[in-house]
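Chemist: Residue numbers (this note's numbering): 1425 to 2063. For each residue, glycine too, the CB sits at the ideal point set by N, CA and C.
#1: May I ask you to list the residues that DSSP assigns as paired with residue 1895?
#2: Using beta-carbon positions only, say whether residue 1597 and residue 1560 come within less than 9 Å of one another.
#3: Hey, quick one: how far does the beta strand (DSSP E) through residue 2031 stretch, first residue to last?
#4: Answer yes if the region 1714–1732 comes into contact with the region 1931–1950, meaning at least three C-beta pairs across the two stretches below 8 Å, and no otherwise.
#5: Nearest to residue 1622 by CA position, among 1683, 1998, 2027, 1510, is which residue?
#6: Just to confirm, is the Cβ distance from residue 1660 to residue 1636 under 9 Å?
#7: In chain order, which alpha helix (DSSP H) runs of at least 4 residues are fully inside the region 1478–1539?
#8: Residues in its own chain within less than 8 Å of residue 1977 by CB, not counting five upstream and five downstream?
#9: In the DSSP assignment, what are the bridge partners of residue 2005?
#10: What is the DSSP secondary structure of residue 1991, counted as helix, strand or coil?
#11: What ranges does the alpha helix (DSSP H) occupy inside the region 1538–1622, keeping only unbroken runs of at least 4 residues that lie completely in it?
#12: Thinking just about the alpha-carbon of each residue, which of 1585, 1617, 1702, 1508 is nearest to the one in residue 1725?
#13: Using a Cβ-Cβ cut-off of 6 Å (strictly less than) and excluding sequence neighbours within five positions of residue 1816, which residues of its own chain qualify?
#14: I think residue 1645 touches residue 1499, with their Cβ atoms under 8 Å apart; what is that distance to the nearest whole Å?
#15: Could you spell out the range, first to last residue, of the beta strand (DSSP E) harbouring residue 1641?
#16: Measuring alpha carbon to alpha carbon, tell me which residue in 1904, 1588, 1994, 1954 is nearest residue 1535.
#17: Which residue wins for smallest C-alpha separation from residue 1656, given the options 1931, 1675, 1785?
#18: Residues bridged to residue 1913 by DSSP?
#19: To the nearest angstrom, report how far apart residue 1800 and residue 1743 are at their CA atoms.
#20: Would the region 1873–1887 and the region 1530–1546 be scored as touching if the rule is three or more Cβ pairs under 8 Å?
#21: Do you know how far the Cα of residue 1628 is from the Cα of residue 1369?
#22: Could I get the ranges of all uninterrupted beta strand (DSSP E) runs contained in the region 1695–1754, with 3 residues as the minimum, in chain order?
#23: Quick one: grab the DSSP three-state call for residue 1798.
#24: Quick one: is residue 1780 buried, meaning 16 or more other Cβ sit within 10 Å of its Cβ, or exposed?
#25: Taking DSSP as the reference, what is the three-state secondary structure of residue 1956?
#26: Could you compute how far the alpha carbon of residue 1788 sits from the alpha carbon of residue 1794?
#27: Any idea which residues DSSP pairs residue 2058 with across the strands?
#28: What are the partner residues of residue 2014, as DSSP defines its beta bridges?
#29: On a Cα-Cα basis, can you pick out the residue from 2059, 1999, 1487, 2037 that is closest to residue 2022?
#30: With burial defined as no fewer than 16 other Cβ atoms inside 10 Å of the residue's Cβ, what is the status of residue 1839: buried or exposed?
#31: Leaving out five residues before and five after residue 1869 in sequence, what residues of the same chain have Cβ atoms less than 8 Å from its Cβ?
#32: Alpha carbon to alpha carbon, how far is residue 2062 from residue 1929?
#33: As a quick exercise: from 1697, 1668, 1784, pick the residue whose alpha carbon is nearest that of residue 1682.
#34: Among 1503, 1640, 1759, whose alpha-carbon lies nearest the alpha-carbon of residue 1648?
#35: Do the CB positions of residue 1944 and residue 1917 come within less than 9 Å of each other?
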């Protein structure tokens, strides 16, 4: 009885609480009740523009970052080849997570960060507006205009904002700026991190890697068109960044995967090593492929015009050849090859430049004593007047390019992009265009981001007057879209296949209306062929782990300096000789057309020697038939 009285009294002591209308009507939820579960769907405005492969990509990333594939893993690598719309897929994922979750009315994340190269910050901000509309989201794009103090203040404000006080949920920032300001963001919860051009994270010990790793972020997506650049260690770094602990420590990874895989890939490997290597590759693929999505450009065939890609082998011009032989037989190089010299890189660079054009060298200091090789009418470049006429006849590749440009201007309305690793080669292109009166634009690393975009827009304008675009491969790698052109020449190969792939993808991409013709120039029998062959070795590593293209031809052993400094005089293509190609006759003529062309493996492409060029689809290469410069061509056709 007493207890009842006490409880009555305590009820009376309780403060009087008026029921809300919602409670009276039974609409108010009790605290602790779970919110109803709802399906997560694509925003209709995005659903109607996404292509089927892009919807797949968004679904895949959503399942990874929400832990549906494995409980303790919330990251993935989006490794679609260039041109498949990685940016749009990522924007869709981010928008979905910012607006929805399986719990009604609650978002999955409140804040996100996009890290990218400085040249792409503006591009990302534009893409957000383009796909989501002007008022959907206000990104905080850090473009380097604010002072250090101002930026620190803004970042601190962003870090403490939560719930309704978040006005700019997405930061877009360059790797460098984020690395320098990571302290300001270390203690805020970040729902999602995108790392664009994520192969920057390939070095797991770099400051950038460590800075990003120190952020409080659970969901990580790496975007890269080129997942393995050179080796498995890089692959480990990327995978471990997306999903820490998935592959164990670096040491465990080396023991368990890297050493046996590389042993099995060596051309001199025993059968047992090879088998073991294949088993380890299979096991690694099994783990990693759950969190990696990679579609190749073949998907684009449905939407894009045809792409004809060519590797064009060009003989050295007589003057070039004399200098080349002079240099590789010089006492310095002979000493280097006996292990006595100390500067292989300098020597390699001299050879690479010589393959482009003798004018790239200072012959007096780079090749002392080479005067005996000079043609009778030779004028040093300093003595050639203001315009310093380019002498195309001093370089096989330059003669071919000169004829190509002439033909384009004479018979087509096409525009062309010329890419080189050397700005000094761009100087030559510029002089060539000036002397032939072709309008040209030039973009290299010295140019700021805003100016770059203006140039690109001007070139892509169909009414623009310039038909030639000069691009340095380092500046032009990332995300630059040059669909105003449908032809592209990559004048010299890079050691890194990824750099070349980046450069080659500038014209054949969404929005392109014309058939595309791409040419990679290689000087026949020279160091450039060796570089190109090493690329296929590196790429065979990449296709082995990423494209799971079965049993990539194990092209050749790990080559030495000696091979680089040889010249093969009597070959149409040293690279073709290494294929031991069954489809071509001993004289190099192809008897059997390529049955199935694999993009990553040029031994499966169509092979032409000069005599056969009269039947090739491309008018610029047809005109090389019966001329002495082009010795061979490999051809890839997209569809």
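Modeler: Let me spell this out:
#1: Residue mapping note: residue 1895 aligns to position 471 of the chain shown, counting from 1. Residue 1895 is bridged to 1843, 1867.
#2: Numbered from its first residue, the chain shown carries residue 1597 at position 173. Numbered from its first residue, the chain shown carries residue 1560 at position 136. Not in contact: residue 1597 and residue 1560 (Cβ atoms no closer than 9 Å).
#3: Walking along the chain shown from the start, residue 2031 turns up at place 607. Boundaries of the beta strand (DSSP E) around residue 2031: 2030–2033.
#4: With the cut-off at 8 Å, the region 1931–1950 and the region 1714–1732 touch.
#5: What you label residue 1622 is simply residue 198 of the chain shown in a count that begins at 1. Residue 1622 has its Cα closest to that of 1510, out of 1683, 1998, 2027, 1510.
#6: Along the chain shown, one-based indexing puts residue 1660 at 236. Along the chain shown, one-based indexing puts residue 1636 at 212. Residue 1636 sits away from residue 1660, with the two beta carbons spaced by 9 Å or more.
#7: Listed in chain order, the complete alpha helix (DSSP H) runs (minimum 4 residues) inside the region 1478–1539 are 1510–1523.
#8: Numbered from 1 along the chain shown, position 553 holds the residue referred to as residue 1977. A caution first: residue 1977 carries a pLDDT of 28, below 50, which makes its placement in the model too unreliable to give a value.
#9: Within the chain shown, the letter at position 581 stands for residue 2005. Residue pairing by DSSP leaves residue 2005 without any beta bridge partner.
#10: Locating residue 1991 in the chain shown gives position 567, where the first residue counts as 1. Judged by DSSP in its simplified three-state form, residue 1991 adopts coil rather than helix or strand.
#11: Segments of the alpha helix (DSSP H) lying fully in the region 1538–1622: 1545–1556, 1572–1584, 1599–1609.
#12: Looking up residue 1725 in the chain shown gives position 301. Nearest of 1585, 1617, 1702, 1508 to residue 1725, Cα basis: 1508.
#13: Locating residue 1816 in the chain shown gives position 392, where the first residue counts as 1. Exclusion of the five residues before and after residue 1816 leaves 1822, 1823, 1826 as the residues of its chain whose Cβ lies within less than 6 Å of its Cβ.
#14: Position 221 of the chain shown, counted from the start, is the residue given in the question as residue 1645. Position 75 of the chain shown, counted from the start, is the residue given in the question as residue 1499. 7 Å between Cβ atoms; contact.
#15: Counting from one through the chain shown, the residue named residue 1641 turns up at place 217. According to the DSSP assignment, residue 1641 belongs to the beta strand (DSSP E) that extends over 1641–1647.
#16: Locating residue 1535 in the chain shown gives position 111, where the first residue counts as 1. Per the Cα distances, 1588.
#17: As a first step, residue 1656 is located in the chain shown; it is residue number 232 there, counting from the start. Of 1931, 1675, 1785, the smallest CA-CA separation from residue 1656 is found for 1675.
#18: Stepping through the chain shown from its first residue, residue 1913 is reached at position 489. Paired residues: 1842, 1943.
#19: Walking along the chain shown from the start, residue 1800 turns up at place 376. Walking along the chain shown from the start, residue 1743 turns up at place 319. In this model, residue 1800 and residue 1743 are separated by some 11 Å (Cα to Cα).
#20: Result yes; three or more Cβ-Cβ pairs closer than 8 Å.
#21: The question about residue 1369 has no answer, for the chain in this structure spans 1425 to 2063.
#22: Qualifying beta strand (DSSP E) stretches, in chain order: 1731–1738.
#23: On the chain shown, residue 1798 is found 374 positions in, with the first residue counted as 1. DSSP places residue 1798 in coil when its eight states are reduced to three.
#24: As a first step, residue 1780 must be located in the chain shown, where it is residue number 356. Buried.
#25: Within the chain shown, the letter at position 532 stands for residue 1956. Per DSSP, reduced to three states, the secondary structure at residue 1956 is helical.
#26: Residue 1788 sits at position 364 when you count from the first residue of the chain shown. Residue 1794 sits at position 370 when you count from the first residue of the chain shown. Cα to Cα, the separation comes out at about 8 Å.
#27: On the chain shown, residue 2058 is found 634 positions in, with the first residue counted as 1. In DSSP, residue 2058 forms a bridge with 1735, 2031.
#28: Residue 2014 sits at position 590 when you count from the first residue of the chain shown. According to DSSP, which records beta bridges pairwise, residue 2014 is partnered with 2008.
#29: Along the chain shown, one-based indexing puts residue 2022 at 598. The closest CA to that of residue 2022, considering only 2059, 1999, 1487, 2037, is found on 2059.
#30: Against the chain shown, residue 1839 aligns to sequence position 415. Residue 1839 counts as buried, since no fewer than 16 other beta carbons sit within 10 angstroms of its beta carbon.
#31: Position 445 of the chain shown, counted from the first residue, corresponds to residue 1869. So the qualifying residues of the chain are 1847, 1896, 1898, 1899.
#32: The sequence position of residue 2062 within the chain shown is 638, counting from 1. The sequence position of residue 1929 within the chain shown is 505, counting from 1. Residue 2062 and residue 1929: Cα-Cα distance of roughly 13 Å.
#33: Within the chain shown, the letter at position 258 stands for residue 1682. With distances taken between Cα atoms, residue 1682 lies closest to 1697.
#34: As a working mapping, residue 1648 is identified with position 224 in the chain shown. Among 1503, 1640, 1759, the Cα nearest to that of residue 1648 belongs to 1503.
#35: Taking the first residue of the chain shown as 1, we reach residue 1944 at position 520. Taking the first residue of the chain shown as 1, we reach residue 1917 at position 493. Contact flag set, yes.
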